[in-house]
Amino acid sequence: MHFRNQVIPNQHFHKKWQNHVKTWFDQAAKKKRRSRLRIKKAREIAPRPLGLLRPVVRCPTIRYNKKVRAGKGFSLDELRAAGINKKMASTIGIAVDHRRRNKSVEALQLNAQRLKEYRSKLILFPRRGSTKKREGEASAEEQKNAVQIPARKVMPVRQQQGKEKARAISKDEKTFDAYVHVRRAMGAAKSIGRKEKKAREKEQEVVAPAQAAKAPKEPKEPKEKKEKKGKAAAADE
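Just so you know, we're using full-length UniProt numbering here: the sequence shown kicks off at 1 and counts up by one.
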């Protein structure tokens, strides 16, 4: 069965393919085991949350970029915008990915605000054996009231569903040709380097003669006068 706009399946099986089918009968047992391990981990790390805080990212490609999901980790620019040190971030339950690059200001601001919100809700316990209370650390009462987040996802990402109200189509929208506009934009992006090079060459051609005209002329060396042969012969005699 294919789904929506997917490729229609057309499998070609080998002979006796039924003998090579992989089976597993421990799925239910492994599910229980994973659940027990999660409970064990939650008890060990309590009151810390089970999972790390993840950024909000867009899915790749034109097909899926309307949806948002949780990414691998926050970029260094996002941490800098939120005022959190990258070394400290990993110790307070924030996932960091130094390879990520922010390609839009909107995404950077959204994740920076997400970090600030998480930091405001966070109850920071003092380190073991430390007698001095550092800045941002919780008091004894706050530590008693701290509750562990039971979910594996901290501040889960939700889809942004915005419904637009029905309205009349304007005259400009009717006359606007989206395909032609996109093709022109693609052509302009493709030929921008060639056009810039041509403009630079034209500018150099205009500037070079002007500089040559402004340059001071070098004084000409005086030419030596040649004596006539008749006079030279008379002088020798």
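Yeah, the Cβ is synthetic: ideal placement off N, Cα and C, and Gly gets one too. Note that this is a predicted model, so its numbers are computed, not measured.
Name the two residues that bound the continuous alpha helix (DSSP H) containing residue i.
{"i": "A107", "result": "V105 to K121"}
{"i": "R34", "result": "Q27 to I45"}
{"i": "R63", "result": "T61 to Y64"}
{"i": "M155", "result": "Element bounds for M155: n/a, residue is neither H nor E."}
{"i": "T175", "result": "K171 to T175"}
{"i": "A138", "result": "Unbroken run through A138: none, as it is neither H nor E."}
{"i": "A81", "result": "L76 to A82"}
{"i": "A89", "result": "K86 to A89"}
Tell me which residue opens and which closes the beta strand (DSSP E) that residue i is part of.
{"i": "A70", "result": "V68 to A70"}
{"i": "R58", "result": "V56 to R58"}
Below 6 Å CB to CB, which residues in the same chain sit around residue i once its five sequence neighbours on both sides are set aside?
{"i": "S75", "result": "R100 and N102"}
{"i": "S139", "result": "none"}
{"i": "R34", "result": "none"}
With C-beta atoms as the reference, is residue i less than 8 Å away from residue j?
{"i": "K30", "j": "A82", "result": "no"}
{"i": "A95", "j": "L79", "result": "no"}
{"i": "N111", "j": "V56", "result": "yes"}
{"i": "M155", "j": "R114", "result": "yes"}
{"i": "Q148", "j": "A28", "result": "no"}
Can you list, in chain order, the residues of its chain whose CB lies under 8 Å from that of residue i, leaving out five sequence neighbours each side?
{"i": "Q109", "result": "A81"}
{"i": "Q143", "result": "I123 and F125"}
{"i": "K121", "result": "none"}
Rounded to a whole number of angstroms, what is the C-alpha to C-alpha distance between residue i and residue j?
{"i": "P150", "j": "L50", "result": "7 Å"}
{"i": "A185", "j": "G193", "result": "14 Å"}
{"i": "D172", "j": "Y179", "result": "15 Å"}
{"i": "E137", "j": "R127", "result": "9 Å"}
{"i": "G93", "j": "F176", "result": "49 Å"}
{"i": "A46", "j": "G71", "result": "25 Å"}
{"i": "A208", "j": "H181", "result": "39 Å"}
{"i": "H20", "j": "H14", "result": "10 Å"}
{"i": "I84", "j": "E44", "result": "26 Å"}
Say the cut is 7 Å; is the CB of residue i nearer than that to a heavy atom of the ligand SAM?
{"i": "E221", "result": "Ligands displayed in this structure: none; no statement on the ligand SAM is therefore possible."}
Leaving out five residues before and five after residue i in sequence, what residues of the same chain have Cβ atoms less than 7 Å from its Cβ?
{"i": "Q159", "result": "K67 and V68"}
{"i": "R58", "result": "N65 and V68"}
{"i": "H2", "result": "I8 and P9"}
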